[in-house]
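What follows is one structure encoded as structure tokens, with my remarks underneath.
Chains as they are written, first to last, in the numbering used here: chain A, 60 to 383; chain B, 60 to 383.
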């Protein structure tokens, strides 16, 4: 069994890699558009050549690098935290949206709307130091499991996209995450899982305050939104954290539309959408989904010759192989 | 003459560099503290060894990497801009703080206080797109000259600090600027002058808004402060943009005090203050200066064994050699 697993790993990564930088991708126009772009961007003399210091690639996270169904994984984190913290908050038994969480009443949770969601996020993501928050996320990841696959969330990353990250970096690109999710939530695991260091993660954030406690500096997370890195916020986040134009952008929803348009200011750039078409191996959803809705960006992509990944057709596998 | 210049460059950089990574530094405990730190941080097995991905060094800019007297150079930029824009603003002739600028009345400008300064910054740093602002700064740098030295401002960078930046990067460090100055002002020239790319610049900022003009996305700079990257703001900026603890921090004023303390949470880190002691070759100022005041941080540094650079004693030269 272990021997078979090793063979699978070798076949899908190391050995094949020397010839094919994207072994989990089926051959076709999508795979070619990525490889052609990288080969020209890195070949001095090619029409779309880009010096190494300007090779910036940005990736959405939820639904682009890992799954996002049946709900954003960070929401599961918030739900698990509420349950864990409930013993110190007896009032939550009769207060929404906490009551909904404690009673596993998703209908009532959804009914609490954006305001409810914000309350949930603030109760679980603020009120502690930055170090404490990182520890909480790290501990949660060790035991939390996805409701459908029973996998650790960090194993529900897309193997074909891991290959793109590696391929771009091998070609002198700096890879950034630009996510609507929490910047400090992502930073805990993005380096281990994606090879993206904390300084290359852009995301939504709460305000943070410097304090000294017994002479020791700490940063305290406040229950107040600092920045929402979504839709029009994504180019703003890119400007703030990166300060130059990406030459490649990967997204999967209308929340990434402005980021891809911003990247497309220069027509020689690569704009890619992950289209979730694989109900069997992952999920199939687009225009009508509450999570990761892909509607306007999909039409625009087709009109403007952006690359649209058909997960079912273009990807040989979804998740990385796992030791049996 | 040119021959002599070439000899000087060779002597002070290329040739000597092979033996001495900091040729513009006089030998002594300050120079040794930097070299000892780097050698241990990069030697597996040494007590203060740090893996390469965690080698983050942060540098203040004004008074640490370039001069800041008789006023922050970015203030000269704002003043020059007001004079240039005045023809479209006849009302400025009788409105403070603009009148003060147009009449070269520094007393009245200082009297306008923080509120006046903010008005000056907003009038000159907002109301245009991010691209337009970068062009304005780039154009200004080409012709602007320092009132005392008549040098271009970007030639008033400290040669010994350039050597530290290069030395750290050669040893696998990522070097970041963490400045109270404007992030988008710095990003225009930091890569050329310091080798620090835009994505490694942290600074103060105005709010920015995404818009589409004739279908083309732009980011518009708004006359509203987004973030002040000074004092308690510096650890907050580091947390936001870098997301991990620096292991080396360089500053020169009480504005850098919290950044150095934050870095010092781990005692194995390097904390360095540039003390301006050289009235002849640069400027001498500390506790009583309106610009770059160094008072509490200096006392703390001496009590806690931080490295304090005595510019006059420790630096062989201040600015880089310039072709005659």
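Heads up, the beta-carbon is just placed ideally off N, CA and C, and yes, glycines get one too.
For residue 124 of chain A, three-class secondary structure by DSSP
Residue 124 of chain A sits in coil when the DSSP states are folded into three classes, being neither helix nor strand.
Return the Cβ separation of residue 266 of chain B and residue 278 of chain B in integer angstroms, given the expectation that the two are a contact with Cβ distance under 8 Å.
In fact, because the Cβ distance is near 10 Å, the residues do not count as touching under 8 Å.
Report buried or exposed for residue 293 of chain B, applying the criterion of at least 16 other Cβ atoms within 10 angstroms of its Cβ.
Around the CB of residue 293 of chain B, 16 or more other CB atoms lie within 10 Å, so the residue is classed as buried.
In the DSSP assignment, find the alpha helix (DSSP H) that holds residue 179 of chain B and state where it starts and stops.
Taken as a continuous stretch (DSSP letters only), the alpha helix (DSSP H) holding residue 179 of chain B covers 172 to 184.
Endpoints, beta strand (DSSP E) assigned at residue 269 of chain A:
Residues 260 to 272.
For residue 311 of chain B and chain A, any beta-carbon pair shorter than 8 Å?
So no, residue 311 of chain B is outside the interface.
Residues in the same chain with beta-carbon distance under 7 Å from residue 69 of chain B, minus the five sequence neighbours each way, listed in chain order, please.
Legend: pLDDT at residue 69 of chain B = 46, less than 50; position of this residue unreliable, value from coordinates given subsequently. Taking residue 69 of chain B as the centre and dropping the five residues before and after it, the same chain places no C-beta closer than 7 Å to its C-beta.
Considering only the beta carbon of each residue, do residue 240 of chain A and residue 378 of chain A sit closer than 8 Å?
Going by C-beta atoms, residue 240 of chain A is not nearer than 8 Å to residue 378 of chain A.
Strand pairing of residue 278 of chain B, partner residues [DSSP]
BP columns for residue 278 of chain B point to B:269.
Could you tell me whether the Cβ atoms of residue 354 of chain A and residue 361 of chain A are closer together than 8 Å?
Residue 361 of chain A is positioned such that its CB atom lies no closer than 8 Å to that of residue 354 of chain A.
Run through the stretch 290 to 369 of chain B for me and flag every whole alpha helix (DSSP H) of 4 or more residues, listed as ranges in chain order.
The alpha helix (DSSP H) runs of length 4 or more contained entirely in the stretch 290 to 369 of chain B are, from start to end of the chain, 292 to 300, 316 to 322 and 355 to 362.
Is residue 291 of chain A close to chain B? Criterion is C-beta to C-beta, closer than 8 Å.
Yes, residue 291 of chain A counts as interfacial toward chain B.
Using a C-beta cutoff of 8 Å, does residue 63 of chain B count as contacting chain A?
With a pLDDT of only 46 at residue 63 of chain B, under the threshold of 50, the placement of this residue in the model should not be trusted; the figure read from the coordinates follows. The Cβ of residue 63 of chain B sits no closer than 8 Å to any Cβ of chain A.
What residues from chain A crowd round residue 269 of chain B, counting only those whose CB sits closer than 7 Å?
By Cβ distance, chain A contributes 291, 294, 295 and 317.
Chain B residues whose Cβ lies nearer than 8 Å to that of residue 275 of chain A
Going along chain B in sequence order, the residues near residue 275 of chain A (Cβ under 8 Å) are 324.
Given that residue 238 of chain B touches chain A, what residues does it touch there, using C-beta distances under 9 Å?
Near residue 238 of chain B there are no residues of chain A at all, since even the closest Cβ is about 13 Å away, more than 9 Å.
For residue 154 of chain A, count neighbouring C-beta atoms within 10 Å of its own C-beta (all shown protein chains included) and say buried if the count is 16 or more, exposed if not.
The residue is exposed, with fewer than 16 neighbouring Cβ atoms inside 10 Å.
Residue 260 of chain B CB to nearest chain A CB: under 8 Å?
Closer than 8 Å: yes.
Residue 387 of chain B: which of B:275, B:342, B:274 and B:135 sits nearest, CA to CA?
Since the first and last residues shown for chain B are 60 and 383, residue 387 of chain B lies out of range.
How about residue 316 of chain A and residue 356 of chain A: do their beta carbons lie closer than 8 Å?
Their beta carbons are under 8 Å apart, which means residue 316 of chain A touches residue 356 of chain A by this criterion.
Residue-level contact to chain A via CB, residue 90 of chain B, 8 Å cutoff:
Any Cβ of chain A closer than 8 Å to the Cβ of residue 90 of chain B would place that residue at the interface, and such an atom is absent.
Opposing strand residues paired with residue 84 of chain A [DSSP bridges]:
Residue 84 of chain A pairs with A:374.
Tell me the DSSP secondary structure of residue 101 of chain B in three-state form.
Here DSSP, grouped into helix, strand and coil, assigns residue 101 of chain B to coil.
Check for me: the beta strand (DSSP E) holding residue 236 of chain B runs from which residue to which?
Under the DSSP assignment, residue 236 of chain B falls in the beta strand (DSSP E) whose first and last residues are 233 to 241.
Can you give me the C-alpha to C-alpha distance between residue 186 of chain A and residue 281 of chain A, rounded to a whole angstrom?
Going from the Cα of residue 186 of chain A to the Cα of residue 281 of chain A covers about 6 Å.
Which value, in whole angstroms, describes the spacing of the CA atoms of residue 63 of chain A and residue 79 of chain A?
With a pLDDT of 46 at residue 63 of chain A, under the threshold of 50, the modelled position of that residue is not reliable, and no figure is offered here.
Residues near residue 97 of chain A by beta carbon distance below 6 Å, same chain, minus five either side
These residues qualify, in order along the chain: 230.
In the structure shown, what three-state DSSP assignment does residue 139 of chain A receive?
If DSSP states are grouped into helix, strand and coil, residue 139 of chain A belongs with the helices.
How long is the line joining the alpha carbons of residue 174 of chain B and residue 276 of chain B, rounded to whole angstroms?
Roughly 32 Å separates the two Cα atoms.
Euclidean distance between Cα positions of residue 95 of chain A and residue 82 of chain A:
Cα to Cα, the separation comes out at about 15 Å.
For residue 226 of chain B, is the beta carbon positioned less than 7 Å from some heavy atom of the ligand MG?
The ligand MG is not part of this structure, which contains no ligands at all.
Decide if the stretch 113 to 128 of chain A is in contact with the stretch 138 to 158 of chain A; the criterion is three or more beta carbon pairs, one per stretch, under 8 Å apart.
In the pairwise beta carbon analysis, the stretch 113 to 128 of chain A is classified as not touching the stretch 138 to 158 of chain A: fewer than three pairs are separated by under 8 Å.
For residue 285 of chain A, which of helix, strand or coil comes out of DSSP?
Residue 285 of chain A carries a strand assignment under DSSP once its states are collapsed to helix, strand and coil.
Strictly under 8 Å for the Cβ-Cβ distance: is residue 231 of chain B near chain A by that measure?
The beta carbon of residue 231 of chain B does not come within 8 Å of any beta carbon belonging to chain A, so the residue lies off that interface.
Following the continuous alpha helix (DSSP H) through residue 229 of chain B, name the residue where it begins and the one where it ends.
DSSP places residue 229 of chain B inside the alpha helix (DSSP H), whose first and last residues are 218 to 229.
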